[in-house]
Amino acid sequence: MTKMTASDQSANNRPPSSPDSNPPASLIKGRTIWISDIHLGYRDCKAEYLLEFLDNINCDTLYLVGDIIDMWALKRKFRWPQQHYQVMLKLYELANSGTRVIYVPGNHDEPMRRFCGNFFGPIEIIEEHVYTCANGKRYLIMHGDAMDAYINLSHLTRFFGDIGYNLLLFINRWANRWRKWMGQPYFSLARLIKENIKGAKDAIETYQNEAMDEARRRGFDGVICGHIHYPAMLEQEGIRYCNTGDWIESCTAIVEDFSGEMRLLHYSDQVEWQRQQVASKDTAQAA
Ligand SMILES: [Mn+2]
Numbered sequence: 001m002t003k004m005t006a007s008d009q010s011a012n013n014r015p016p017s018s019p020d021s022n023p024p025a026s027l028i029k030g031r032t033i034w035i036s037d038i039h040l041g042y043r044d045c046k047a048e049y050l051l052e053f054l055d056n057i058n059c060d061t062l063y064l065v066g067d068i069i070d071m072w073a074l075k076r077k078f079r080w081p082q083q084h085y086q087v088m089l090k091l092y093e094l095a096n097s098g099t100r101v102i103y104v105p106g107n108h109d110e111p112m113r114r115f116c117g118n119f120f121g122p123i124e125i126i127e128e129h130v131y132t133c134a135n136g137k138r139y140l141i142m143h144g145d146a147m148d149a150y151i152n153l154s155h156l157t158r159f160f161g162d163i164g165y166n167l168l169l170f171i172n173r174w175a176n177r178w179r180k181w182m183g184q185p186y187f188s189l190a191r192l193i194k195e196n197i198k199g200a201k202d203a204i205e206t207y208q209n210e211a212m213d214e215a216r217r218r219g220f221d222g223v224i225c226g227h228i229h230y231p232a233m234l235e236q237e238g239i240r241y242c243n244t245g246d247w248i249e250s251c252t253a254i255v256e257d258f259s260g261e262m263r264l265l266h267y268s269d270q271v272e273w274q275r276q277q278v279a280s281k282d283t284a285q286a287a
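Position one of the sequence shown corresponds to residue 1 (the UniProt record's numbering), numbered consecutively onward.
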């Protein structure tokens, strides 16, 4: 590991698809983008979608908010598909071409925590981070597993523990294969199920409240975290809560624009957006 500073090359060094193509190569522009819970090495990781997403972003800073590599899954069964390797390459490529990439380890990649304060090539590893938005608001950036201590674990383990969660993902996988076959965009069935199970709903709410309390206690305006695979953006008593979601079922990211506005972006929205762009281009050409 060596300490190095990111080069100041253009953040997007790829040529656009045609000289005057509109939109340009990067569809999603922002000051900062947060993603988490990628779970590389786990069979349900949506690396294919993530690669497409990473190909289309252009930002000053990219945060990886934990559970990037699923060391628990790798320990159970080692699998490292080509696309998972490509995600790592893509993150390195972004970090080498002017994007500041900050990696905040989670509980599934907990061994990485011992390297906090160091650089993995061009990627910075930081345990927890204070982020100041373009509008001056200060956010606490953490993976969020520290909040488990406050939660009734029986709820969490019941729904995020292996059997229930794996079953949920199994259903999700087949439902989406069916949707793909029918030409429908990706949709998180797992999310719909979670929203309708009371125990899961309670655990999610407790987690959100505890994360906001933590931010309040420590004098922040908000918190950006991951961990529970439940993307959300809410505000309570002046404290903002942003959850990045995951790339197993939700395929989401938090994006800050250059005025400091935050939004939650779904991968399927991006696909829809691209489809509209192509459609409007076709109509323009036909006219
Ligand atoms: Mn986690």
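For every residue, glycine included, the Cβ atom is placed at its ideal position computed from N, Cα and C.
In the DSSP secondary-structure assignment, N176 is not bridged to any residue. For the set D257, S259, M262, C251, the Cα lying nearest the Cα of E48 is the one of C251. A95 counts as buried, since at least 16 other C-beta atoms from the protein chains shown sit within 10 angstroms of its C-beta. Around I35, the same chain offers T244, A253 as residues with beta carbons nearer than 6 Å, after the five sequence neighbours per side are excluded. Between ligand 1 and the CB of N166, the shortest heavy atom gap is not smaller than 7 Å. For S188, the number of other beta carbons within 10 angstroms of its own is at least 16, and it is reported as buried.
Going by beta carbons, V104 and G136 fall outside the 8 Å limit. I248 is not a Cβ neighbour of L192, given a cutoff of 8 Å. In this structure G106 is in contact with H227, their Cβ atoms being roughly 6 Å apart against a cut-off of 8 Å. From the listed residues R217, R79, G144, D55, the smallest Cα separation to Y92 is found for D55. In the structure shown, R113 adopts helical secondary structure according to DSSP, grouped into three states.
Comparing alpha carbon positions, the residue from D202, W80, C242, M182 closest to I33 is C242. Residue environment analysis places V87 among the buried positions, since at least 16 neighbouring C-beta atoms fall within 10 angstroms of its C-beta.
Shown here for F220: same chain residues with a beta carbon closer than 7 Å to its own, the five before and five after excluded, namely R138, Y139, L140 in chain order. Checking the 7 Å criterion, the Cβ of G41 is out of range of every heavy atom belonging to ligand 1. For the 8 Å CB-CB criterion, C59 and G260 do not form a contact. For H84, the uninterrupted alpha helix (DSSP H) segment begins and ends at 82–96. Relative to the non-hydrogen atoms of ligand 1, the Cβ of G121 never comes closer than 7 Å to any of them.
Under the three-state reduction of DSSP output, L64 falls in the strand class. Of the residues R31, E195, V223, the one whose Cα lies closest to the Cα of V255 is R31. Residue pairing by DSSP puts M233 in a beta bridge opposite C242.
In the structure shown, N209 adopts helical secondary structure according to DSSP, grouped into three states.
In this model, L264 and E127 are separated by some 23 Å (Cα to Cα). Looking at the DSSP output, L264 sits in a beta bridge with I254. Nearest C-alpha to L74 among D145, P111, L50: P111. Residue pairing by DSSP places T32 opposite T61, E256 in a beta bridge. Nearest to G121 by alpha-carbon distance, out of I204, L89, D148, is L89.
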